[in-house]
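Shown next, in C-alpha cells, is the structure this report addresses.
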Amino acid sequence: MFYKPKQAIHTPISRRKFLELGGAGATMLGAGSLAVGLNSTIMSTRVQAASSEEAKWRQYAGSKLVFLSENTPPSFAIRENIQSFYEKTGIEVEILTDDLPVVQQKAGIDLRSGKSDYTLNYVQDKPIGAPFADFYVDLSTMFGDDTLPQDPEGYGDGAWFENFLSACGRFYAEDKIIALPYDAAVACTFYRQDLFEAHTKDFEAEYGYRLEFNEETTWKQVLDIAKFFKAIKEGGADVPYGYAQHQGSFAWTTQLDIQRMMFSHGQWIDFPIDDKLGSKRPGPTNWGDEQSVLMLEKFKELGDASHPDNLANGTLELNTVYQSGNIAMQVQYHEFAASVENPETSVASGGRTAYAPCPKGDADWNLTGGPLVNGTNCGIGGIGINANASEDMQRAAYLFAIWSTSNQIQYDVLAGLGGTPTRKSVLEREDVKAAQQRPTNMPNALTFDAVYNHGIKDPHFVLGPKIPEANEYHSILASETQQMLSGQKSPAETAAAMKEQFDFLNDV
Amino acid sequence: MASQDVVHYDTPLQKALRVSAALFLAVYLIWTLLPFVIMFVSSFKDLLEAFNLPDVGDWSGVGIFFEFTPTFEHYSSLFSEGNFGRYMANSLIAAGGSAIVSVVFGSLAAYSLSRVEFRGKKDLFFWIISTRMAPVVAVMVPLYSIFRTLDLVGTLPGLILAYTTFNLPFAIWILKGFFDNVPYAIEESQMVDGSTRFQAFWSIVPLVAPGIGAFVVLCILFAWNDFLFAAIIGSGGAKTLPVATRELVQPQNIQWGSIMAAGVVTTAPMMLLGLVIRKYLVTGLTMGAVKE
Amino acid sequence: MTDVTNFENKSMLSGAAQLFRAREHSIEVEARPLTDALPEPTIFNPPAPKRYYLYLMAPAIAVLAFISLYPFFWLIVMSLQSVDIGSSEWVGFRNYARLLKDPNFLSGWGLLLKYSAMCLFMQLAIGLMLAVIVNNHRYEKYLVTALLMPMMMAPAVAGLLWLFLYNGTFGWYHWILQSLGILDSASILASQSTSMYAIVFVDVWQWTPLITLIALAGLKKVPRDQLEANMVDGASPIRNFFAITLPNLYPVLLIAILLRFMDNFRFIDHILVLTGGGPGNSTKILPVYLFEVAFKFFKLGRGAAIALTLLIVTIVLGMILVRVFDKPQSERK
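Residue numbers (the numbering used here), protein chains in the order written: chain L, 1 to 508; chain C, 1 to 292; chain Z, 1 to 333.
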C-alpha cells in the first residue's frame, strides 16, 4: 500500500516525522490505497573494483530513475533516444518534462521534504540552483572514481564552454560541483538583415551612420534603431517596430533583460559579490547608485520606443512577435534560432535574420569609468543529483548525468531537435562547423559564433546575483521595472524602491 | 415578457426597449460565442495562417479569417506525438473515479445526516461545506506534503483523492437536500414489512437516483476542468487534459494550433455533458440554493 | 411553493419523519409525486440508533477530516515557523508581522477586492439584463443553451484561449477592440491600466451565464398577479422591473454574489495563464501572490500566514452564505 524505498534517508526533521505519523494514520483510514509511487527502485550488482568498462555501465541494471526536466529540446531528444541508454546500462529512466516554473515547484517540494521522487533534476542556474544548491550531490566526489565509468573528455572547466561549469555547477563554494552543464540558452542579437539593408539610406541620413549590426553596435544605437523604425512605422510605412524587451510574466528573463544593459556599461552588477560563485549573504545592493538610475532612464526610453505590446511579451511571446515579422530586432536566447529559421512558423526565416553578439555599452551612458562590454547573460541548465537519494541511486544517476552530457548525445540533440551544446568538443565536429554557415541543417549553429566565440567569454559574460532569494529578487525587480515602464514610477523612484526591497529581502 | 398576453399594445418606450433588448442580446451572443468559433476554426490552421489579420478598422477584411487550407495535423499530432490519448484517459479516470467515490461516500453520509439529529450537527455540516469553499492555493502546500508522504503524488489514486477534497463536500451537501425530501415514512413502512435498515435505505435509493446521476456528472465536470490540483498533485504520472494543454506553451514555441485543437478536445465532451444535465445545472452550481 | 407546504403537512403525520427531517431544502426531487401515493404508516417505528448512522457517515467524515482539518492544523503550525532552506524554527508571529510591511500583501487584498467588485458588478448587470430578455423569449431554450457554453470550459483552457484572442499580433479580439477604437495599438494585457479588465472580462465571459441562470430561476417565481396588477395601474415595464421584479430577486442574487465572490478567491487558473500577476503588480490579487510566495519563493511560513488570512475571510463569507441558505425558502422569497 504505502511503499518506502529501503534506502530512504530519514533526516531528523520533526515536522517530517509528524507528517509521516499523520500519513500512516491516514493510510489506515484507507484514504488512498493502491498507490504506485514514483519512488525509484534500485537493484544493485555493484562492481567493487574497476573491472571492465561494460560492467561499470551495467552495475545498476534493473534500476529505475526519474529525471525531472524542463521541456526543452534536449530532454525531448533524449527521451526519444532513451532506449540506447537502457541498452547500455539496463537502467530505466523516466523523463518528466514541465514548464520551468513547474519544474521549480516540484523540485523544490521534493528536495525540501527530504524525498527523492526525482533522482535527477534539471538545475537551471539561478531559479533552481541558487535556492536549492545544498540539496544536490557534490559530483566532484565521483569524478575519477574508478568504480564508475567516466567521460573521456573529463568534467573540468576546459571541457565546457567558458563559464558554463561555474554558472550551473558552483554555488557558494569553489570546490563543490552540483551539476553538469546539460543545455544552455545564451543571449545574442537577432536582427532582420533584409530590413536593415532596405532602410540604411534613410537611417544614415537621419543618424549619420549606417544601419547595420555588429559586435561594436551599442545600446545607444539600439535605441536609435528602435526610434527610427517606430517613427517610420507610425508615419505609415510598411515596416515592423524596431525593438522589444522581455517584459512579460516570466520575471527571471525580465531581470536578465535589464541586466545585459547594466553590465555592458562598466560591468555594473547588482551586489558587490562574485556572481559566478554567488553568496548567501550578498549585503547591500548597488541599486540606487547614479549609474543604475541612468540605466533605468535609458531602459525606459528603450521601452517607450519598443513594440506597443512590450509589457505583455515574455521571452516566448517576444519571439513570436519577431517570428511573425512585427519587430526588426530582438535580443534573444540562441536556442530560439531553430524556431526563427523554420519557414513554417516564421516569416523571418530563409536568410532574412542575421545574428550578432549582444549590444555593447556606450561611452555616453557610462558613469562608472569601467570597461564597455557586450554584456551577455544566459541560463545554463545543469543536470544534478538529488542528495536525498541513496548512495546507489546517486551512483546510478551519475551514469545518466555523464551520458546525457556527453559529446555524442549533445551532437545527436543538436542535429535532431535543435539543441544547444555545452561541451566545447561538439563545435569541433566538421559538420557542426559547416552548419554555422547558410544553408544549414542545424539552424541553432548560425548563432554559435556570436555566442560561443564572443558573448559567453569574459569580459562580456555576466551571470547575475546567485543568491538563495534569487526568485523573489527576480520577481521584485520585474514588477518594479514594469511599473516604471508603464509610467507609474520615475527611474529614480524605481531604483530607490528596489534598493529598499532588496535590502529588506537580504536582511541588510 | 413580450410574447405574453399581458402586453396588449406597444408604447414607443416599449418598442425602443424591445429593439435595444434584441440588439443587446445579439451583441452578447456574438461576444460569448465567437471565441468558440475562433478556437474551432484556428485548430485547423497552420501557424502562419493563424497570424493573418485584416488591417485595423477594415471590417470588410474579416473574410481573411476563413482563408486557409484546413489541416488535421494539430489533432493528429496531439494523439500521435503528444500522448493526448493517455491524458484523456487520465482525465476520465481521475474525474470519473472521484465522482464515484464522492457520490458513494457522500450519499451514505448525506443520508445519515438527513436522518439523525445530534448536538453540533450544524457545525459539522458547516465544516463540511467550508472545505469545499477553501481557496485551493491556500491548502495546496500542506496537502502536497501529505500526499507526498503517502506516495500519492503523480498517481491517479492521488488525483482522485485530491478531487475528492472538493467533490465530496459538494456531494454531501447536495445529496442531503435530496434525502431530506424523501420522507422517513417510506423506510419506516419498509421496516414494518420486515426489511433491515440497509434494505430500507436501499429502497429509497431509486427515488433519488436521477438526481444522483446528474450530480455524478457535475462532479466529473468540476474535476475535469481543474488545473491547480492536476498541475501540482497530478504532475508527471497523472497528467490531465488542461495541464497537457497548458504545456503546449513550450520554451521555444507556443503551438497555438495544437493549443486550439487541445482546447476543442478538452471542452467538447464537457459541453455535451453539460447539455445532458442542463436542468440540474443551476441547482448544482449554486450548491442547491437555487432551483429551477 | 404550494406543493412544498402540502408536503410539510403530510410529513407532520409521521412523527419520526418530522423528527429526523433536518429542514426543508429547496431541491425538487424527481420522485416527489410518488410520495403522495404512499400509505400512511400506522405503527410508530422507533428511530434507528444514532450509532448506525454515525457508521454510515464515518468514511466520508474521515476522508474530509484528513484532507481538510489536518492541512489546516499544519498550516497554523507552519505560519508560526520560518520554513526555509531545509530547516524550520519557531518564529512566533514574525511571519504575520512581516505581512503588514509587505506591499504585495496589502495591495493583493486591495486588488482582490477590486477584481471581485468589477467582476460582480458586470456579471450582475449583464446577467440580469440577459435574464430579463431571455425570460419567456420565443427561443428561450436555445438561447439558454448557447449562453451557458462558456461555463463548461476549463478555466485554464479559457485563459489560453483568451491569451490567443488578446494577442497584440494576431489576436482577433485585440483586432476588434482596436477597430472599434476602444484600444490603441498596445495589447490589453500590455498595460497596467488595462490588464485588470483583461482578466475581469474572461471571468465575466465565463460566469455571467451563471448569474443569468440563477436570475432566470428567480424570475419564474415572481408573482405574475402583482406584475399584472401593476401594469393595469399603468406602470412602465422599467418601473415594474424595479418595483416588483428586482425585490423578488434579491435573495437569489445574494446567493449568486456570495458564490461568485468565493469563487474569485478559489479560481486563479486564468490569471496564472494570462498575466501571472503582471504587468507590474497590476493583476497580482492575493491568491496569485500566495501562489508565488509558496511555489516560487518557497517561503512556506509566510505563505501559510497569507493562506490563513484568506481562509478566515472565506470562512466568514461561508458562514454568511450558510445563514442565507438556512432560511426556509418561503422566507427567502
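We treat Cβ as the ideally placed atom computed from N, Cα and C, and that holds for glycine.
C-alpha gap between residue i and residue j, whole angstroms
i: residue 463/L; j: residue 244/L; result: 22 Å
i: residue 459/L; j: residue 82/L; result: 38 Å
i: residue 502/L; j: residue 285/L; result: 7 Å
i: residue 142/Z; j: residue 278/C; result: 12 Å
i: residue 223/L; j: residue 454/L; result: 22 Å
i: residue 168/L; j: residue 110/L; result: 20 Å
i: residue 129/Z; j: residue 255/L; result: 46 Å
i: residue 496/L; j: residue 291/L; result: 13 Å
i: residue 151/Z; j: residue 232/L; result: 45 Å
i: residue 221/C; j: residue 98/C; result: 11 Å
i: residue 118/L; j: residue 176/L; result: 21 Å
i: residue 140/C; j: residue 80/L; result: 33 Å
i: residue 284/Z; j: residue 54/Z; result: 44 Å
i: residue 35/L; j: residue 145/C; result: With a pLDDT of 33 at residue 35/L, under the threshold of 50, the predicted position of this residue should be treated as unreliable, though the coordinate-derived value follows. One C-alpha to the other measures close to 15 Å.
i: residue 231/C; j: residue 336/L; result: 26 Å
i: residue 198/L; j: residue 188/L; result: 22 Å
i: residue 224/C; j: residue 461/L; result: 47 Å
i: residue 143/L; j: residue 421/L; result: 21 Å
i: residue 24/L; j: residue 388/L; result: Only weak support is given to the placement of residue 24/L: the predicted model assigns it a pLDDT of 41, under 50, and the question is left unresolved by the model.
Paired residues, beta bridge with residue i - DSSP
i: residue 278/Z; result: In DSSP, residue 278/Z forms no bridge with anything.
i: residue 372/L; result: 265/L
i: residue 360/L; result: 218/L
i: residue 136/L; result: 386/L
i: residue 183/L; result: 381/L
i: residue 354/L; result: 191/L
i: residue 317/L; result: DSSP, once it has assigned bridges, lists no residue as partnering residue 317/L.
Contact with chain L by residue i, beta-carbon distance below 8 Å
i: residue 186/Z; result: yes
i: residue 189/Z; result: yes
i: residue 247/C; result: yes
i: residue 181/Z; result: no
i: residue 192/Z; result: yes
i: residue 145/Z; result: no
i: residue 276/Z; result: yes
Below-8 Å beta-carbon distance, residue i vs any chain Z residue
i: residue 28/C; result: yes
i: residue 294/C; result: Since the displayed chain C opens at 1 and closes at 292, residue 294/C lies outside it and no answer follows.
i: residue 137/C; result: yes
i: residue 33/L; result: In this prediction, residue 33/L scores a pLDDT of 31, lower than 50, which makes its location untrustworthy; the coordinate-derived value is nonetheless stated afterwards. No, because no Cβ of chain Z sits closer than 8 Å to the Cβ of residue 33/L.
As assigned by DSSP and simplified to three states, the class of residue i
i: residue 82/Z; result: strand
i: residue 464/L; result: coil
i: residue 329/L; result: strand
i: residue 240/L; result: coil
i: residue 385/L; result: strand
i: residue 192/C; result: helix
i: residue 112/L; result: helix
i: residue 254/C; result: strand
i: residue 273/C; result: helix
i: residue 124/L; result: strand
i: residue 115/C; result: helix
i: residue 210/L; result: coil
i: residue 249/C; result: strand
i: residue 281/L; result: coil
Proximity test, Cβ basis, 8 Å: residue i and chain C
i: residue 424/L; result: no
i: residue 153/Z; result: yes
i: residue 29/Z; result: Confidence is the limiting factor: at residue 29/Z the pLDDT is only 36, short of 50, which leaves the residue's position unreliable and the question unanswerable from this model.
i: residue 222/Z; result: no
i: residue 322/Z; result: yes
Counting only runs that start and end within the region 48 to 108 of chain L, where is the alpha helix (DSSP H) found for 4 or more residues in a row? 53 to 58, 73 to 80 and 82 to 89
Whole alpha helix (DSSP H) elements within the region 203 to 266 of chain Z, 4-residue minimum: 224 to 232, 237 to 240 and 246 to 266
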